[in-house]
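Counting with the numbering used here, you get residues 14 to 231 for the letters of the sequence shown. By construction, the Cβ of each residue, glycine as well, lies at the ideal position given by its N, Cα and C atoms.
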Amino acid sequence: MIKFSSNANTDFLIEKLGADSINDVITDLELENHDPVYPIVSALLTSTYLKQQNDWSNDEIKAHLQSMSMDGYRSLVWEIHDKIKQGGQEFNTGQFSFPKDLQRIWSDRLPNATTEDYAKIMQAISNNEATIPGGDKILREIMEWPMELYESNREMYAHFGAKGGSTAFVLNQALYVEDHNGKKIEVVIFTEGLSFIEQIKMNRSMNSFLIKVLNEHL
């Protein structure tokens, strides 16, 4: 889920670990502005499901989704998730269609948090305070895939963990780094409302920007 940024694996882990257990971490780490998590892929199917159930047009689906409270929306997503889990996939047997205006609703309603929340998460992992005793090594092995991927990272840093996330409208990055002298830094970048061209430019520039930040502060 982290190394390959897989939404399907995210939903598998939510099912495997239990949403309540995952959401308890929000409280444990004192993340004051983080929404509860819910299945990501099932949320992608809300428009398909509503169309199948009600024979609505895209405009009607859009109006309905926009009018829903977040609690109501999450309940709908869990309903779809349970049907998939039970093998009831008859609502998604045709070609998957996801117009951009409906993508925007899905993107806007993904679990929200602040950069401060994610800085707390990165700091907790960097300081071995994010898990129960004994879990730190496992978590670092998962998060520190950049150390495996690039030899230059191993030469420059003792630890380098990162997780990005993006939709057609959002480009985010959260990371922690520790150099060989024990100096640490956490960097969190959240962007929203990007145009197609801005998204391309940000994607192309993100790595060089992060390298410059790290070089200036470590």
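When DSSP assignments are scanned along the region 189–223, the uninterrupted stretches of beta strand (DSSP E) that are 3 or more residues long and fall wholly within it turn out to be 197–205. Membership of Tyr131 in the alpha helix (DSSP H) is indicated by the continuous run 128–139. Nearest neighbour of Val226 by Cα position, chosen from Ile210, Val201, Phe209, Ile213, turns out to be Val201. Under DSSP, Ala175 takes part in a beta bridge, and its partners are Leu188. DSSP places Val183 within a strand segment (E or B) once states are collapsed to three. Taking all protein chains shown into account, Gln186 has 16 or more neighbouring C-beta atoms within 10 Å of its C-beta and is therefore buried.
For Glu92, the closest of Tyr51, Ile74, Gln116 by C-alpha to C-alpha distance is Tyr51. Inclusion of Ala132 and Asn46 in the CB contact set at 7 Å is not warranted, their separation being larger than that value. For Tyr170, the pairing in a beta bridge is given by DSSP as Asp192.
The beta carbons of Leu184 and Met215 sit about 5 Å from each other, so the pair counts as a contact at 8 Å. No residue range can be given for Val50, since it is assigned to no alpha helix (DSSP H) and is classified by DSSP as neither H nor E.
One Cα belongs to Gly195, the other to Leu123, and the distance between them is close to 35 Å. Going by DSSP, Gln65 is part of the alpha helix (DSSP H) stretching over 59–67. Setting aside the 5 residues that flank it on each side, Thr128 is surrounded in the same chain by Val201, Phe203, each with a C-beta closer than 7 Å to its C-beta; the list follows chain order. Per DSSP, the continuous alpha helix (DSSP H) segment holding Leu89 begins and ends at 83–98. A distance below 7 Å separates the beta carbons of Asp24 and Ile53. Per DSSP, the unbroken alpha helix (DSSP H) holding Ile35 starts and ends at 32–41.
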